[in-house]
Every structure is written in C-alpha cells, then in structure tokens.
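Numbering (my numbering), first residue to last: 57 to 365.
Worksheet for the structure shown next.
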C-alpha cells in the first residue's frame, strides 16, 4: 500500500486519448516509484450517459458534465485535458487561474495567440506553485532520452542535421468517416499538428535548439469523407451508399518541411496520417546526422475497437 501523497485527477474527455490517459494514470504507480499517487477522481464529458459508461469502464470515481465543475471541487488537484484543440485554451487558462495543475494534450492550441495566452497563464501560475505541461509523451521514450543525454554529453559532436518522419495509417482508406480531427475549426490542423508536433518537439528537445525558420508543404489527398459510418480506433468504415452524405476535410493529410535550428543545424520532417500503399506503415523515426537514430513502430488499434469522438 502506497504512502505517497495523493494526486487527485479530474480529466476532461473520455474518447481515444481519454482512454489512453486513464490507463496511464491507473498503471503508472504500479510500474514506477512515484512521489505522488494518482487517483482517478472525476471524469468529465458532455453526454451524461456516455461519461458514466466511460467512468465505469475506465475506473473513475465520479463524473461531471461541465468541466467548470471540476475547477470548483476541492478534491481535484490536476486537470487533464483530452479534448479537441479548440477547447484547450479556455479550459487550461481557467484551470490554472483556479489553482489546478494542468496536463494538456498536444497540439497545445489552435493558434499562436491562444498558445501565448496559455503560456502567460502557465508562467503566472508557476509563481504560485501551480504547474503545467503539454503531453509530448515521446520525451519519456528510453531511446530518445538516451539520445538527448548523448547530445548533452557531447558524444555525438556538433549536430548538423536532424531528420524526422512520423507516419500513421488510420486515414489510408479514403472512405474512413469524418471526425473532429478532420475539421480545422476544432482540430486546428491535420497531420502537422496531430503527429508532426511530436517530431518537432522531439527534435528541439533532443538537440537543445529551437527552430528559427521553416519552409513547408501541406497537402490534403482526400477532400471529402462520409459523415456517417462506424468509427474504429481513429479511423473506421464510412457509409459509402450512393445517397450517403459527405463532409469536407479542411485539414492536411500530409506535411513535408525543412527547418533551420538556432544552432545552424537543419531539420527535415515528414508527417502523414494517410500514407498510400499496402504496407500500412504506422510509426515514427528520428535521427541526427551523426551516428544516432531512433525508430518506433506502434501497434495498430484493435480492428473493431469502436470509440466515440
């Protein structure tokens, strides 16, 4: 039985990332020796029946249907934000001002202006002992952490060139149904923000340098997708009937960019949520133009694990 001080978590959102975060909060103290003991105190979602079902399945102690109620509760220490990007700034800033620690999923915000407001709120909160972070989970990958240490120790010499690639296959079927991730008004961007954010953060974190200039190309391969159908993981099977309604995709399926670092190094990045071909790649790769490379190939979601967006 742990004697660590409890960290009472209130999470907003319970779909794909919410389920992943729930598993992480639940299992982390059983794998690592943590200074705090995470407790799944409250789960929040707009649909009462849906959030209650999710709370029972994922192991949360109570539910709310308005995220503002989490901020009013004395038994909540931290707000975990697993919602679409267009809600991040409002929830995070309000939570920090209410004295709650914040973990916010990436991408941090849908605009530079929102991100700057969140940063200002985080800096002000930190002076009061209230902390915040963005969910760049690849920083915790052992291989990437080792690469960072090797760079810091000078074992790789001067970093001249970094190359990053992140491919996912959940949109390889052009009839996969529409989700909020394909609506720019909600997600802010497509593959660049959704998965490219990981590559960009990893490159800057490992090298200790900041990107100071960029040239990029964004492309949307499938401009319309079915509005109805069965969601499976992040993708699924859309209604392809002759009269089935379709909606406009307003984000990028792929992004290719080159960037310049503050230390005069170069970065080349490729991201795609809709790669073509039958191999259906799924994973990420990062390497520096010294003898250092990291590759991760993740498992595909279960073939019939449906989730509400």
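Every residue gets a Cβ at the ideal spot worked out from N, C-alpha and C, and that includes glycine.
Please read all numbers here as calculations on a predicted model, not as lab measurements.
{"Item": "Note the first and the last residue of the continuous beta strand (DSSP E) segment covering residue 303.", "Value": "302 to 304"}
{"Item": "Along the beta strand (DSSP E) that carries residue 312, what are the first and last residues, could you check?", "Value": "310 to 317"}
{"Item": "Can you say whether residue 202 is buried or exposed, counting buried as having 16 or more other CB atoms within 10 angstroms of its CB?", "Value": "exposed"}
{"Item": "My output table needs one value for residue 204: the three-state DSSP class, helix, strand or coil.", "Value": "helix"}
{"Item": "From this set, 103, 175, 89, which residue's C-alpha is nearest residue 152's C-alpha?", "Value": "175"}
{"Item": "Would you give the residue range spanned by the beta strand (DSSP E) that residue 92 belongs to?", "Value": "92 to 100"}
{"Item": "Which same chain residues end up closer than 6 Å to residue 369 when comparing Cβ atoms and leaving out the 5 residues on each side of it in sequence?", "Value": "Outside the displayed range of the chain (57 to 365) lies residue 369, so it cannot be described from this structure."}
{"Item": "Tell me whether residue 172 is buried or exposed, calling it buried when 16 or more other Cβ atoms sit within 10 Å of its Cβ.", "Value": "exposed"}
{"Item": "Any idea if residue 88 is buried or exposed, counting beta-carbon neighbours within 10 angstroms, 16 or more meaning buried?", "Value": "exposed"}
{"Item": "Just mark residue 139 as buried or exposed, buried being the case when its beta carbon has 16 or more other beta carbons within 10 Å.", "Value": "buried"}
{"Item": "What is the rounded straight-line gap between the Cα of residue 61 and the Cα of residue 68?", "Value": "23 Å"}
{"Item": "Hey, would you say residue 328 sits closer than 8 Å to residue 304, going by beta carbons?", "Value": "no"}
{"Item": "Determine the contact status of residue 128 and residue 98, defining contact as a CB-CB distance below 8 Å.", "Value": "no"}
{"Item": "Tell me the DSSP secondary structure of residue 189 in three-state form.", "Value": "strand"}
{"Item": "Whole angstroms are fine: how far does the CA of residue 248 sit from the CA of residue 237?", "Value": "12 Å"}
{"Item": "Between which two residues does the alpha helix (DSSP H) holding residue 114 run?", "Value": "104 to 114"}
{"Item": "By the three-class DSSP mapping on this structure, what secondary structure does residue 182 have?", "Value": "helix"}
{"Item": "Just the Cα atoms here: how many angstroms apart are residue 177 and residue 161?", "Value": "16 Å"}
{"Item": "Which whole-angstrom value describes the C-beta separation of residue 274 and residue 302, a residue pair presumed to lie in contact below a C-beta threshold of 8 Å?", "Value": "Wrong, their Cβ atoms sit about 21 Å apart, outside the cutoff."}
{"Item": "Starting from residue 247, trace the alpha helix (DSSP H) both ways and give me its first and last residue.", "Value": "247 to 250"}
{"Item": "What residue range does the beta strand (DSSP E) around residue 61 cover?", "Value": "61 to 68"}
{"Item": "At a cut of 8 Å, does the region 196 to 210 reach the region 267 to 281 through at least three beta carbon pairs?", "Value": "no"}
{"Item": "Give the range of the alpha helix (DSSP H) segment to which residue 366 is assigned.", "Value": "The structure shown does not extend to residue 366, since the chain is modelled only from 57 through 365, so no value can be given for it."}
{"Item": "So, do the region 101 to 116 and the region 73 to 93 have three or more beta carbon pairs nearer to each other than 8 Å?", "Value": "yes"}
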